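Visitor: For reference, the structure I am asking about is given below.
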Amino acid sequence: MATYKAPLDDMRFILNDVFQADQLWASMTATADVTRDLSDAILDEAGKMVENLLFPLNRDGDEEGCHFDDGEVTTPNGFKEAFKTYAENGWTAFSGNPEFGGQGMPKSLAVLFEEMMHSANSSFALYPALTNGATLCLDAHASDELKQAYLPKLYSGEWTGTMCLTEPHCGTDLGIMRSKAVPTDDGAYAISGTKIFITGGEHDLADNIVHLVLAKLPDAPAGSKGISLFLVPKFLPDADGNPGERNGVAAGSIEHKMGIKGSATCVMNFDDAKGWLIGEPNQGLAAMFTMMNYERLSIGIQGLGLGEASYQSAADYARERLQGRAATGVQNEGGNADPIIVHGDVRRMLLTMRALNEGGRALSTYVGMELDKAKFSEDDAERKAAQDRVALMTPIAKAFFTDRGFETTVLGQQVFGGHGYVREWGMEQFVRDCRISQIYEGTNGIQALDLAGRKVTRNGGKYVDAFLADVRGWIDTSLKVEGANEKGLDSIRERLVAAVDLLESTTAELLRQAGDDPDTVNASAVEYLDLFGYVTYAWLWARMMVTAAQRDDDFGRAKLTVGRFYFERLLPRAGALAEQIKAGPATLMSLDQDLF
11 MATYKAPLDD
21 MRFILNDVFQ
31 ADQLWASMTA
41 TADVTRDLSD
51 AILDEAGKMV
61 ENLLFPLNRD
71 GDEEGCHFDD
81 GEVTTPNGFK
91 EAFKTYAENG
101 WTAFSGNPEF
111 GGQGMPKSLA
121 VLFEEMMHSA
131 NSSFALYPAL
141 TNGATLCLDA
151 HASDELKQAY
161 LPKLYSGEWT
171 GTMCLTEPHC
181 GTDLGIMRSK
191 AVPTDDGAYA
201 ISGTKIFITG
211 GEHDLADNIV
221 HLVLAKLPDA
231 PAGSKGISLF
241 LVPKFLPDAD
251 GNPGERNGVA
261 AGSIEHKMGI
271 KGSATCVMNF
281 DDAKGWLIGE
291 PNQGLAAMFT
301 MMNYERLSIG
311 IQGLGLGEAS
321 YQSAADYARE
331 RLQGRAATGV
341 QNEGGNADPI
351 IVHGDVRRML
361 LTMRALNEGG
371 RALSTYVGME
381 LDKAKFSEDD
391 AERKAAQDRV
401 ALMTPIAKAF
411 FTDRGFETTV
421 LGQQVFGGHG
431 YVREWGMEQF
441 VRDCRISQIY
451 EGTNGIQALD
461 LAGRKVTRNG
471 GKYVDAFLAD
481 VRGWIDTSLK
491 VEGANEKGLD
501 SIRERLVAAV
511 DLLESTTAEL
521 LRQAGDDPDT
531 VNASAVEYLD
541 LFGYVTYAWL
551 WARMMVTAAQ
561 RDDDFGRAKL
571 TVGRFYFERL
581 LPRAGALAEQ
591 IKAGPATLMS
601 LDQDLF
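The following block contains the structure:
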């Protein structure tokens, strides 16, 4: 059966030992009160909560799914009560602005909490995840009046939030959306249109649902430059700020999906619904990107969290399942077979899973720290550099986490063999729940285009140059450990330097090709993102190995072994990706479309 325990030892190792996050928090006024002791205590409590409250609901929630009846949505049995407990214990306010009732916890701590949530119950995790994104957008762009009216209720968990972008005829190409917003005499707007694939658009978990809706004003410019953002509540707040009159918004149906069945994915119909402008007219897409970029990292962590749950379950199963004998002879003398963990192919799968999960956890924490700097640093140069780094890393985190997460959940299912294909063992649910993470919040192909197009070719690779300079600086100053030969770190240095050189030369090749052929970015973006991901994981694995080499315990020895596996068995994938990119777009684009 599927099992999950929050990987607190590894989380603390990365947060406290590898990145020494408490030193960053202490350097910024907004996070100065967050000590190592506090963060450790929070991780402890979060682990208990997800293990005891959320994980037990995961499989039953998948079996039952959400129910739709005449516009009303009921979540699976136990979800409503769990959400009430979750909110009452303050988890909905975790990273919120303290001015409006939030707890102000740093993102570098929040990413670990989010990973636990997605490991334990990804369907449940999506409700607060969308709310968190909505509060971030409101806090950054809404008027003081809207903030005062909505943020406290959202932070308390009394209300939840959504993001309403996609329409039946448009997804990525939002410039052709048809939803409209007509000004009314009272300074508000009448919103009309249909949105699809709206996570948490209707449910029974909270008293009100606050929709952030993209729509066009009557005189809006054409295309994406004519999009505005509006706040549209399910119930209009009364004079006391409580849910009052029903607004003109209702769920038309819910989707019947491959996975995340406990998450209500709704068609939402807006019929002259009353809404209020967020930010400036025709600047809605820029405002919404505050939420979208948050959600992209969060959805990336969905892939990471599900990969971790799959790994834990597969490792437990491999230690218990008896089949065959080890190639080197009998290992289980008292039994008629050895546990399958003795077999090389099973170890290949488990080590691949673990290496990708732990590399992903390091990257999510790294991106979280850069987000903390971008938001809270009092140094203008540090804040700007962090903003640039987040812009570079966000598409990588979203796409690489979820592609590798899906790979990992499939490997976990494979470890179980036939039992992995049977629902009662839980492994196929991880596969189904993870699959959507590669699609929504911008498909992974779109993330790759964002990286290779906007973040690399449009600025001549400046973001990449800055990143590679940081990595090389770390190699020169930190990849020096006493007893390095014994611990295998000399060869790691050589491999990491070669990987960094490969990323640099391939970036230069991408820029050269893009100058000659406009199909280059579209043809090579996915391979380039994957290459970037593997090299970034190599750097982070080297950082973890240097730190682990200072320890003399089983944890440290295991970390070094898994790290060597990453460098020897997974990092070589980067070389093949570089060769694909060097091939250019010609063969990809030359086949006539009628011949497909």
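What the sequence shown shows, in our numbering, is residues 11 to 606, in sequence order.
We treat Cβ as the ideally placed atom computed from N, Cα and C, and that holds for glycine.
Note that the structure is predicted; figures quoted are calculated from it, not measured.
Would you say A130 and Y321 are within 7 Å of each other, going by their C-beta atoms?
Guide: Going by C-beta atoms, A130 is not nearer than 7 Å to Y321.
Visitor: In whole angstroms, give me the CA-to-CA distance for D217 and H353.
Guide: If I take the Cα positions, the gap works out to 53 Å.
Visitor: Consult DSSP for L550 and reduce its assignment to one of helix, strand or coil.
Guide: Of the three classes helix, strand and coil, the one that applies to L550 here is helix, per DSSP.
Visitor: Hey, could you find the ends of the beta strand (DSSP E) W286 is sitting in?
Guide: T275 to I288 is the span of the beta strand (DSSP E), which, as asked, contains W286.
Visitor: On the three-state DSSP scale, how would you describe S447?
Guide: The answer is helix: DSSP assigns S447 an H, G or I state.
Visitor: Looking at the strands, I want to know which residues DSSP matches up with K592.
Guide: DSSP output for K592 lists no bridge partner at all.
Visitor: For L580, which of helix, strand or coil comes out of DSSP?
Guide: Helix, per DSSP.
Visitor: Quick check on Q333: buried or exposed, where buried means 16 or more other Cβ atoms within 10 Å of its Cβ?
Guide: That one is exposed.
Visitor: Going by DSSP in three states, K490 sits in which element: helix, strand or coil?
Guide: Coil at K490, not helix or strand.
Visitor: Quick one: measure Cβ to Cβ for I502 and M554, integer angstroms, because I've assumed they're closer than 8 Å.
Guide: Between M554 and I502 the Cβ distance is about 11 Å, and since that is not below 8 Å, they are no contact.
Visitor: Hey, L239 and G203: beta-carbon distance below 7 Å or not?
Guide: Not in contact: L239 and G203 (Cβ atoms no closer than 7 Å).
Visitor: Is there contact between the stretch 438-451 and the stretch 415-430, where contact requires at least three CB pairs shorter than 8 Å?
Guide: The answer is yes - the stretch 415-430 touches the stretch 438-451, with three or more Cβ pairs under 8 Å.
Visitor: Can you give the Cα-Cα distance for E82 and V220, rounded to whole angstroms?
Guide: Answer to the nearest angstrom: the Cα atoms are 16 Å apart.
Visitor: Quick one: give me the first and last residue of the beta strand (DSSP E) that M173 is part of.
Guide: Here the beta strand (DSSP E) through M173 covers W169 to C174.
Visitor: Between L307 and the rest of its own chain, which residues show a CB-CB distance below 7 Å, the 5 nearest in sequence each way excluded?
Guide: V377, T404, A407 and K408, listed in sequence order.
Visitor: Does the Cβ-Cβ distance between A200 and D282 come in under 7 Å?
Guide: Going by C-beta atoms, A200 is nearer than 7 Å to D282.
Visitor: For Q158, count the other beta carbons within 10 Å of its own beta carbon; 16 or more makes it buried, fewer makes it exposed. Which is it?
Guide: Exposed, by the Cβ-count rule.
Visitor: Taking the alpha-carbon positions, what's the D248 to D604 distance?
Guide: Whole-angstrom Cα-Cα distance: 59 Å.
Visitor: Check the DSSP bridge columns for K205 and list the partner residues they point to.
Guide: M278.
Visitor: Taking 7 Å as the threshold (C-beta atoms), are I237 and T181 in contact?
Guide: Per the sequence presented here, residue 181 reads as Gly, with Thr not at that position. Contact flag unset, no.
Visitor: What did DSSP end up calling H429 once you bin it into helix, strand or coil?
Guide: Correct three-state label for H429: helix.
Visitor: Measuring CB to CB, does K190 end up less than 7 Å from A225?
Guide: Yes; because the gap between Cβ atoms is below 7 Å, this pair is in contact.
Visitor: Going by beta-carbon coordinates alone, are V536 and A458 separated by less than 7 Å?
Guide: Contact: yes.
Visitor: Below 8 Å on the Cβ atoms is my guess for L421 versus N367; work out the distance and round it to an integer in Å.
Guide: Not a contact, Cβ separation roughly 11 Å.
Visitor: Where does E177 fall in DSSP's three states?
Guide: Three-state result, E177: strand.
Visitor: Could you give the DSSP three-state label for N257: helix, strand or coil?
Guide: Looking at N257 - three-state DSSP - the assignment turns out to be coil, as it is neither helix nor strand.
Visitor: Find out if the Cβ-Cβ distance for the pair T141, G171 is shorter than 7 Å.
Guide: Yes, Cβ-Cβ distance for T141 and G171 is below 7 Å.
Visitor: Could you tell me if E388 is buried or exposed, where buried requires 16 or more neighbouring beta carbons within 10 angstroms of its beta carbon?
Guide: Exposed.
Visitor: Less than 7 Å separating the beta-carbons of A365 and F575?
Guide: Yes.
Visitor: Our contact map puts Y547 next to L461 with C-beta atoms below 8 Å; I'd like the distance itself, whole angstroms only.
Guide: Not confirmed; about 15 Å, so no contact.
Visitor: Since P243 contacts N257 with CB under 8 Å, what's their CB separation in whole angstroms?
Guide: The pair is a contact, with the Cβ atoms about 6 Å apart (cut-off 8 Å).
Visitor: For V572, count the other beta carbons within 10 Å of its own beta carbon; 16 or more makes it buried, fewer makes it exposed. Which is it?
Guide: Counting Cβ neighbours within 10 Å, V572 comes out buried, since at least 16 surround it.
Visitor: In terms of residue numbering, what span does the alpha helix (DSSP H) encompassing D326 cover?
Guide: Looking at the DSSP string, the run of the alpha helix (DSSP H) that includes D326 is G294 to E330.
Visitor: Nearest to Y137 by alpha carbon, out of D214, M187 and L148?
Guide: When each option's Cα is compared against that of Y137, the closest is D214.
Visitor: Following the continuous beta strand (DSSP E) through E388, name the residue where it begins and the one where it ends.
Guide: Element bounds for E388: n/a, residue is neither H nor E.
Visitor: Could you give the first and the last residue of the continuous beta strand (DSSP E) run that contains K90?
Guide: Premise fails: K90 lies in the alpha helix (DSSP H), F89 to E98, not in any beta strand (DSSP E).
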